[in-house]
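Quick note: to get my numbering, add 38 to the position in the sequence shown (first position is 1).
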Amino acid sequence: MSDWLHNLSVPWMAFIVFGFTYLVAILIFAGVAILSTKERATSFKSISPGMLPVLGILFGLFVAFTAAQVWSDSDRATAAVSREASSLRAVILLAGGLPPEQEARLRGLVRDYVEETVAVEWPMMARQAASLKAAPPALTAALRLVVSTPAQNPGQQTTQHEIITNLNSALDARRQRIIVSQTEVDSIKWWCLYLQAICELLVIALVHCDNRLGSAIAMGLFATGVATSVLLIAAHDRPFTGQISIAPTPLLQIMPDKEASR
Numbered sequence: 039m040s041d042w043l044h045n046l047s048v049p050w051m052a053f054i055v056f057g058f059t060y061l062v063a064i065l066i067f068a069g070v071a072i073l074s075t076k077e078r079a080t081s082f083k084s085i086s087p088g089m090l091p092v093l094g095i096l097f098g099l100f101v102a103f104t105a106a107q108v109w110s111d112s113d114r115a116t117a118a119v120s121r122e123a124s125s126l127r128a129v130i131l132l133a134g135g136l137p138p139e140q141e142a143r144l145r146g147l148v149r150d151y152v153e154e155t156v157a158v159e160w161p162m163m164a165r166q167a168a169s170l171k172a173a174p175p176a177l178t179a180a181l182r183l184v185v186s187t188p189a190q191n192p193g194q195q196t197t198q199h200e201i202i203t204n205l206n207s208a209l210d211a212r213r214q215r216i217i218v219s220q221t222e223v224d225s226i227k228w229w230c231l232y233l234q235a236i237c238e239l240l241v242i243a244l245v246h247c248d249n250r251l252g253s254a255i256a257m258g259l260f261a262t263g264v265a266t267s268v269l270l271i272a273a274h275d276r277p278f279t280g281q282i283s284i285a286p287t288p289l290l291q292i293m294p295d296k297e298a299s300r
């Protein structure tokens, strides 16, 4: 789907999705009503109503298949952000085992990384423009700082090892976060989903061509179900885009205070 639709608020997205789906249903209903003359009505009625549950089941499978991808991407994105925040929190706590100057410098680098991630990287992920080409300067500098700090005792050596492990974990979580930010339901799946819905709406209209009120009610109910399914998937399609998106709250909660970073 287009960027402009994903960036809409949920009410406006619902208005567009429901409006488009109802428009398709109305066009199908009107087309069948115009074509259902006495001669054609008999042919239309010869279509087996048994096709309705079959097509409905196929549409349900399409929805489940598409939704499974969306929920999986959302779970992966949430897990990546949580792991990144947990790793950075561990770095902040372990920094207390370093000499005071290195501790303050490390806390400042973690703070710089979080600020840049929230201010720059998060909007880029919302536009699916974030890239893995360049490593984050703050975390790279933090790794160099810890590696270059001479260990004064075995305890400090263990602390440095744990800090490096958690910094690498944060970098890996960042990579996963950016990768997931570039995923979405592709256009082929959306076309197939709506094509299946159109087939179901068309069969409803043909089977009930001699009862226009019943046809309109049945088509309206199914169109509502289609629009609801599409809205639910579209609103969660891109984990970092739109009103319902993953916020950098966990990172902000672990960000060191400026005073403590100096």
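Glycine is no exception: its CB is placed at the ideal position from the N, C-alpha and C atoms. Remember, predicted model here, so these are calculated numbers, not experimental data.
List the whole-angstrom C-beta distance separating residue 223 from residue 107, where the pair is believed to meet the contact cut-off of C-beta under 8 Å.
-> Here the question's residue 223 lines up with position 185 in the sequence shown. Here the question's residue 107 lines up with position 69 in the sequence shown. The C-beta distance from residue 223 to residue 107 rounds to 6 Å, short enough to fall under 8 Å.
Within 8 Å, strictly: CB atoms of residue 184 and residue 277 | By one-based count along the sequence shown, residue 184 stands at place 146. By one-based count along the sequence shown, residue 277 stands at place 239. No; because the gap between Cβ atoms is not below 8 Å, this pair is not in contact.
Are residue 181 and residue 213 touching if we call contact CB-CB under 8 Å?
-> For this step, residue 181 is matched to residue 143 along the sequence shown. For this step, residue 213 is matched to residue 175 along the sequence shown. For residue 181 and residue 213, no; Cβs fall outside 8 Å.
Exposed or buried, residue 192, counting other C-beta atoms within 10 Å across all chains shown (16 or more means buried)?
-> Residue mapping note: residue 192 aligns to position 154 of the sequence shown, counting from 1. Flag for residue 192 reads exposed.
Roughly how many angstroms lie between the CA atoms of residue 42 and residue 48, to the nearest whole one?
-> Position 4 of the sequence shown, counted from the first residue, corresponds to residue 42. Position 10 of the sequence shown, counted from the first residue, corresponds to residue 48. Their Cα atoms are separated by approximately 12 Å.
Near residue 202, which residues of its chain fall below 8 Å by C-beta distance, leaving aside the five closest residues on each side in sequence?
-> Indexing the sequence shown from 1 puts residue 202 at position 164. Closer than 8 Å at the Cβ level, and outside the excluded window around residue 202, lie 181, 184, 185.
Give me the Cα-Cα distance between residue 232 and residue 93, rounded to the nearest whole angstrom.
-> Within the sequence shown, numbered from 1, the residue matching residue 232 stands at position 194. Within the sequence shown, numbered from 1, the residue matching residue 93 stands at position 55. When rounded, the distance between both Cα atoms is 12 Å.
Can you tell me which of 145, 208, 279, 173 puts its alpha carbon nearest to the alpha carbon of residue 44?
-> One-based indexing of the sequence shown puts residue 44 at position 6. For the residues 145, 208, 279, 173, the minimum Cα distance to residue 44 belongs to 279.
Could you tell me whether the Cβ atoms of residue 130 and residue 294 are closer together than 8 Å?
-> The residue labelled residue 130 in the question sits at position 92 within the sequence shown. The residue labelled residue 294 in the question sits at position 256 within the sequence shown. Cβ atoms of residue 130 and residue 294: closer than 8 Å.
Going by Cα to Cα distance, which pick from 238, 199, 156 is closest to residue 97?
-> Position 59 of the sequence shown, counted from the first residue, corresponds to residue 97. Here the closest residue by C-alpha is 238.
Mind checking whether residue 151 and residue 177 have CB atoms under 8 Å apart?
-> Position 113 of the sequence shown, counted from the start, is the residue given in the question as residue 151. Position 139 of the sequence shown, counted from the start, is the residue given in the question as residue 177. Yes, they are a contact pair.
Exposed or buried, what is residue 285 when buried is set at 16 or more other beta-carbons lying within 10 Å of its beta-carbon?
-> Numbered from 1 along the sequence shown, position 247 holds the residue referred to as residue 285. The residue is exposed, with fewer than 16 neighbouring Cβ atoms inside 10 Å.
So, helix, strand or coil for residue 247, using DSSP?
-> The sequence position of residue 247 within the sequence shown is 209, counting from 1. Residue 247 falls in the coil class under three-state DSSP.
For residue 138, three-class secondary structure by DSSP = Numbered from its first residue, the sequence shown carries residue 138 at position 100. The three-state secondary structure of residue 138, taken from DSSP, is helix.
To the nearest angstrom, how far is it from the Cα of residue 292 to the Cα of residue 211?
-> For the purposes of this step, residue 292 is taken as the residue at position 254 of the sequence shown. For the purposes of this step, residue 211 is taken as the residue at position 173 of the sequence shown. Cα-Cα distance, rounded: 15 Å.
Could you have a look at residue 114 and say whether DSSP puts it in helix, strand or coil?
-> The residue labelled residue 114 in the question sits at position 76 within the sequence shown. In the structure shown, residue 114 sits in a helix (DSSP, three-state: H, G or I).
Could you give the DSSP three-state label for residue 300: helix, strand or coil?
-> For this step, residue 300 is matched to residue 262 along the sequence shown. With a pLDDT of 46 at residue 300, under the threshold of 50, the modelled position of this residue cannot be trusted; read the value that follows with caution. DSSP places residue 300 in coil when its eight states are reduced to three.
Run through DSSP, which three-state label would residue 88 get?
-> Counting from one through the sequence shown, the residue named residue 88 turns up at place 50. Here residue 88 sits in coil by DSSP.
Quick one: complete alpha helix (DSSP H) runs, 4+ long, within the segment 200 to 243?
-> none
Leaving out five residues on either side along the sequence, give the residues of the same chain with a beta carbon under 6 Å from the beta carbon of residue 271.
-> In the sequence shown, counting from the first residue as 1, residue 271 sits at position 233. Answer for residue 271: 104, 105, 108, listed in chain order.
In terms of residues, what are the limits of the alpha helix (DSSP H) holding residue 167?
-> Working through the sequence shown from its first residue, we reach residue 167 at position 129. From DSSP, residue 167 is part of no alpha helix (DSSP H); its letter is neither H nor E.
8 Å Cβ cutoff met for residue 268 and residue 62 = Within the sequence shown, numbered from 1, the residue matching residue 268 stands at position 230. Within the sequence shown, numbered from 1, the residue matching residue 62 stands at position 24. Cβ atoms of residue 268 and residue 62: not closer than 8 Å.
If residue 260 sits next to residue 242, beta carbons under 8 Å apart, how far is it from one beta carbon to the other, in whole angstroms?
-> For the purposes of this step, residue 260 is taken as the residue at position 222 of the sequence shown. For the purposes of this step, residue 242 is taken as the residue at position 204 of the sequence shown. Rounded, the Cβ-Cβ distance is 6 Å, consistent with contact.
Integer Cβ distance of residue 247 from residue 53, believed to fall under 8 Å = What you label residue 247 is simply residue 209 of the sequence shown in a count that begins at 1. What you label residue 53 is simply residue 15 of the sequence shown in a count that begins at 1. With a Cβ gap of about 30 Å, residue 247 and residue 53 do not count as contacting.
Taking the alpha-carbon positions, what's the residue 300 to residue 121 distance?
-> Residue numbering aside, residue 300 sits at position 262 when the sequence shown is read from its first letter. Residue numbering aside, residue 121 sits at position 83 when the sequence shown is read from its first letter. Residue placement at residue 300 is poorly supported in this model, since its pLDDT is 46, which falls under 50; the coordinates still yield a value, given next. Answer to the nearest angstrom: the Cα atoms are 26 Å apart.
Count the other CB atoms, across all protein chains shown, that sit within 10 Å of the CB of residue 50; report buried if there are 16 or more and exposed otherwise.
-> Position 12 of the sequence shown, counted from the start, is the residue given in the question as residue 50. So residue 50 counts as exposed.
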